[in-house]
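Visitor:
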Amino acid sequence: MVTESTPPRTSRAAATRRIPMGLFAILILAPVLLRSGVTELSGSPAAGVTSAPPATTANTFTFAAAGDLAANGGVASYADLDQSGVSFFLGLGDLDYDQTPTDEAWCDYVKQHLPTLGPEFPFELLVGSHEDQDGQNGYILNHAACLPDRLGVTGMYGVHYYFDYPASSPLMRLIMIPPNMRVENVLYNYTPDSPHYAWLSSTIDSARAAGIPWVVVGMHDVCITAGIKTCEIGSDLMNLLVSKRVDLVLQAHDHNYQRSKQLRFKSGVCTAIPVGSFDPACVVDSGADGVYAKAAGPVFVISGNFGHCCYPVSAADPEAGYFARFDSTSRGFTKYTVGPGHIAAQFVNSTGSFTDSFSIVNNFDSDADGFTNGVESFAGTNPSLACGVDAWPADINNDGFSDISEIVALASSFAKAVPPAPARNNIAPHPPDGVVDISDLVKMGGFFGRSCH
Numbered sequence: 031m032v033t034e035s036t037p038p039r040t041s042r043a044a045a046t047r048r049i050p051m052g053l054f055a056i057l058i059l060a061p062v063l064l065r066s067g068v069t070e071l072s073g074s075p076a077a078g079v080t081s082a083p084p085a086t087t088a089n090t091f092t093f094a095a096a097g098d099l100a101a102n103g104g105v106a107s108y109a110d111l112d113q114s115g116v117s118f119f120l121g122l123g124d125l126d127y128d129q130t131p132t133d134e135a136w137c138d139y140v141k142q143h144l145p146t147l148g149p150e151f152p153f154e155l156l157v158g159s160h161e162d163q164d165g166q167n168g169y170i171l172n173h174a175a176c177l178p179d180r181l182g183v184t185g186m187y188g189v190h191y192y193f194d195y196p197a198s199s200p201l202m203r204l205i206m207i208p209p210n211m212r213v214e215n216v217l218y219n220y221t222p223d224s225p226h227y228a229w230l231s232s233t234i235d236s237a238r239a240a241g242i243p244w245v246v247v248g249m250h251d252v253c254i255t256a257g258i259k260t261c262e263i264g265s266d267l268m269n270l271l272v273s274k275r276v277d278l279v280l281q282a283h284d285h286n287y288q289r290s291k292q293l294r295f296k297s298g299v300c301t302a303i304p305v306g307s308f309d310p311a312c313v314v315d316s317g318a319d320g321v322y323a324k325a326a327g328p329v330f331v332i333s334g335n336f337g338h339c340c341y342p343v344s345a346a347d348p349e350a351g352y353f354a355r356f357d358s359t360s361r362g363f364t365k366y367t368v369g370p371g372h373i374a375a376q377f378v379n380s381t382g383s384f385t386d387s388f389s390i391v392n393n394f395d396s397d398a399d400g401f402t403n404g405v406e407s408f409a410g411t412n413p414s415l416a417c418g419v420d421a422w423p424a425d426i427n428n429d430g431f432s433d434i435s436e437i438v439a440l441a442s443s444f445a446k447a448v449p450p451a452p453a454r455n456n457i458a459p460h461p462p463d464g465v466v467d468i469s470d471l472v473k474m475g476g477f478f479g480r481s482c483h
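One rule links them: number in the working numbering = place in the sequence shown (from 1) + 30.
Here is the structure:
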C-alpha cells in the first residue's frame, strides 16, 4: 500500500513539498521542452520509437518457438535466431523434411547455422507428424539424440515432457505434448479417459499450486485455424486447454502465422469450442489492441513458417473469426519475453514484411503499491514487494520516497525508446509502450511526495 508520508519537517520529503509549484513545473517541463525542441530540429520524431522490441530486465528471460523447420528452406530463420539472444528455442515438430541426408546431418546443420548461440545452445525438440513412428522424414528419437535436452526436462524428451524456467524461482512451466502421434508403439491421445489427458491436467494444476506465474502448452498440430488444416489434436484436448485457462498455446503444422483471440467458456453461453464454425460467445478478448489479460483464457499462436512456407489463410474460413491476426507471406519465428507479470511476443520475420506483436499482462496489484504486476514486470521491479530495492516503480533511486529526483530521472530519458532508456523509466500506459513520454511523467507525478509502505 502507498500512503502519504508524515516525516519530520527536516526530512527530504517535507523539503520537497515546499518547492514552489511554479519552480516544480519548470523543473518538470524544461527538460521536456528542451528535448522536444532538439527532436524537432533534428528531424527525428519520437513517434517511431514505439515499435521498439520489448526490453529485457533482470527478472525476465526470452525464448523463441516455431515449427516446420527444414534445413535450406529455413536458412534465413536460422540466421535471425542466431542473433536473437534467446535463452532457448522450442522446435515444434516437422524438423528436417529430408533436406539433409540423415537425421544426424540435420542436427549438424542446425549447429553450424547457430555459431553465435553455440553448440550447447538449448535447441529443444518436439515430435511432429513427419518424424513420429509413422512419419516419412526420420524419427524423433534420432533427432533427440543429436540435439539433446539441455534444460533438465521431466518426461520423455522430444515427445511428452515439461520443464520449469528458470530452474530456480521459475516464471514459466512449458509443457510439450504430441497429440495423436505414435512413438515407441505408444499412441498419445488426449481423451478424458486417457492417462495422457490426466497427466496434462495434473501438470497444469501442479504448476499453479507451486505458484509458477505462467503455464504454456506446446504441440505440433492444431485444432482451430484459418488455414488448410483440420482439428487433428481432438476437441477434448482443445476444450481442456480452454477450461484450464492456460496462458499460451504454441502450435505449428499449418505453414503460416496465426494469433488467436482470447478464448473462454461462459456458463450457459459457451461450454465448448465448436470445430468448423465460429462462436463469438467463446471470445473474451478480441486481441485487436494486442493486449490480453492474464487468467482470462488462452491465446493460441500458430507459428509454422520457420522454413516451410506458406499455406494459405483466408478471412472467409469458418474458423477465421477466432483469430486476431494471420499471415501466409513471411517466414520466421515468434520470440517471447517473459517476466513475473507479463509475456511480450513478437513475430520475427526472416523473409517477407509481415509483423505482429502482443502482450499478456497481469492486471492484479499484489503488493498494493499503485502499480499492477504487469507494469512492474515490464519495469523490472518486484510485483510482490512494496518497499525496498527495485520494489516500487515510483521510487527509482530506492530511497523510499517519490520526489523530484524521480521526475528528473524520467525527464532525462524523455522521448527515448526502451532500450536505450531504462525500462524502469517506462511505467505508463498499461502496459508500458516502450517509450518514455508525458504519460510516464504524469503517472510518476501522481505519487509525488509519497513514501512506500
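Just so you know, even glycine gets a beta-carbon here, dropped at the ideal spot from N, CA and C.
Please read these numbers as outputs of a predicted model, since none were measured by experiment.
Looking at the structure shown, is Ala256 part of a helix, part of a strand, or coil, going by DSSP?
Guide: Here residue 256 is taken as the residue at index 226 of the sequence shown, counted from 1. Of the three classes helix, strand and coil, the one that applies to Ala256 here is coil, per DSSP.
Visitor: Based on the DSSP output, what are the partners of Trp244 in its beta bridges?
Guide: As a first step, residue 244 is located in the sequence shown; it is residue number 214 there, counting from the start. Per DSSP, Met202.
Visitor: Can you tell me which residues form a DSSP beta bridge with Ile390?
Guide: Reading the sequence shown from its first residue, position 360 is the one you call residue 390. Per DSSP, Tyr322 and Ile373.
Visitor: Does the beta-carbon distance from Met474 to Ala409 come in below 8 Å?
Guide: For the purposes of this step, residue 474 is taken as the residue at position 444 of the sequence shown. For the purposes of this step, residue 409 is taken as the residue at position 379 of the sequence shown. Cβ distance not < 8 Å, so Met474 and Ala409 don't count as in contact.
Visitor: Can you give the Cα-Cα distance for Ile390 and Ile373, rounded to whole angstroms?
Guide: Translated into the one-based positions of the sequence shown, residue 390 becomes position 360. Translated into the one-based positions of the sequence shown, residue 373 becomes position 343. Straight-line Cα distance between these residues: approximately 5 Å.
Visitor: Which stretch, first to last residue, makes up the alpha helix (DSSP H) that contains Met186?
Guide: Residue mapping note: residue 186 aligns to position 156 of the sequence shown, counting from 1. It is not in any alpha helix (DSSP H) - Met186 instead sits in the beta strand (DSSP E) that spans Thr184 to Met186.
Visitor: Below 6 Å CB to CB, which residues in the same chain sit around Val419 once its five sequence neighbours on both sides are set aside?
Guide: Start at 1 with the first residue of the sequence shown, and residue 419 comes out as number 389. Closer than 6 Å at the Cβ level, and outside the excluded window around Val419, lie Asn428.
Visitor: Quick check on Lys446: does DSSP put it in helix, strand or coil?
Guide: For the purposes of this step, residue 446 is taken as the residue at position 416 of the sequence shown. Reduced to three states, the DSSP call for Lys446 is coil.
Visitor: Do you know whose CA, among Ala282, Phe401 and Thr381, lies nearest Asp98's CA?
Guide: Position 68 of the sequence shown, counted from the start, is the residue given in the question as residue 98. Here the closest residue by C-alpha is Ala282.
Visitor: Since Gln142 is in the beta strand (DSSP E), which residue starts that stretch and which ends it?
Guide: Taking the sequence shown and counting its residues from 1, one reaches residue 142 at position 112. The continuous stretches of beta strand (DSSP E) do not include Gln142, which lies in the alpha helix (DSSP H) extending over residues Asp133 to Gln142.
Visitor: Can you tell me where the alpha helix (DSSP H) holding Tyr108 begins and where it ends?
Guide: By one-based count along the sequence shown, residue 108 stands at place 78. Segment Val105 to Asp112, the alpha helix (DSSP H) holding Tyr108.
Visitor: Kindly confirm or deny that the segment 342-360 and the segment 309-328 touch, where touching means at least three C-beta pairs closer than 8 Å.
Guide: With a cut-off of 8 Å, the segment 309-328 and the segment 342-360 count as touching, because enough Cβ pairs lie within range.
Visitor: Leaving out five residues before and five after Ser74 in sequence, what residues of the same chain have Cβ atoms less than 8 Å from its Cβ?
Guide: Indexing the sequence shown from 1 puts residue 74 at position 44. Residue confidence is low: Ser74 scores 35 on pLDDT, short of 50, so the model does not pin down where it sits. No coordinate-derived value is stated.
Visitor: Kindly list the residues whose CB is nearer than 8 Å to the CB of Ala421, restricted to its own chain and excluding five residues on each side of it in sequence; keep chain order.
Guide: As a first step, residue 421 is located in the sequence shown; it is residue number 391 there, counting from the start. The residues Asp397, Asp399, Thr411, Asn412, Leu415, Asn428 and Cys482, in chain order, have a CB closer than 8 Å to that of Ala421 in the same chain once the five nearest residues on each side in sequence are set aside.
Visitor: With distances taken from CA atoms, which of Lys365, Ser316 and Arg361 is nearest Asn379?
Guide: For the purposes of this step, residue 379 is taken as residue 349 along the sequence shown, with counting starting at 1. When each option's Cα is compared against that of Asn379, the closest is Arg361.
Visitor: My assumption, with CB atoms under 8 Å, is that Val305 sits in contact with Cys261. Please give the rounded CB distance.
Guide: Along the sequence shown, one-based indexing puts residue 305 at 275. Along the sequence shown, one-based indexing puts residue 261 at 231. Right, the Cβ-Cβ distance comes to about 5 Å (below 8 Å), so this counts as a contact.
Visitor: Going by Cα to Cα distance, which pick from Phe336, Arg289, Leu471 and Tyr287 is closest to Asp126?
Guide: Against the sequence shown, residue 126 aligns to sequence position 96. When each option's Cα is compared against that of Asp126, the closest is Phe336.
Visitor: Is the segment 187-206 touching the segment 146-164, taking contact as three or more C-beta pairs under 8 Å?
Guide: Using a C-beta cut-off of 8 Å, the segment 187-206 makes contact with the segment 146-164, since at least three inter-stretch Cβ pairs fall below that distance.
Visitor: Less than 8 Å between the C-beta atoms of Ala445 and Thr87, yes or no?
Guide: In the sequence shown, residue 445 corresponds to position 415, counting from 1. In the sequence shown, residue 87 corresponds to position 57, counting from 1. Cβ atoms of Ala445 and Thr87: not closer than 8 Å.
Visitor: Which residues share a DSSP beta bridge with Asn379?
Guide: Start at 1 with the first residue of the sequence shown, and residue 379 comes out as number 349. DSSP, once it has assigned bridges, lists Gly362 as partnering Asn379.
Visitor: Using the C-alpha atoms, what's the distance from Gly371 back to Asp395?
Guide: Within the sequence shown, numbered from 1, the residue matching residue 395 stands at position 365. Within the sequence shown, numbered from 1, the residue matching residue 371 stands at position 341. Rounded to whole angstroms, Asp395 to Gly371 spans 10 Å at the Cα level.
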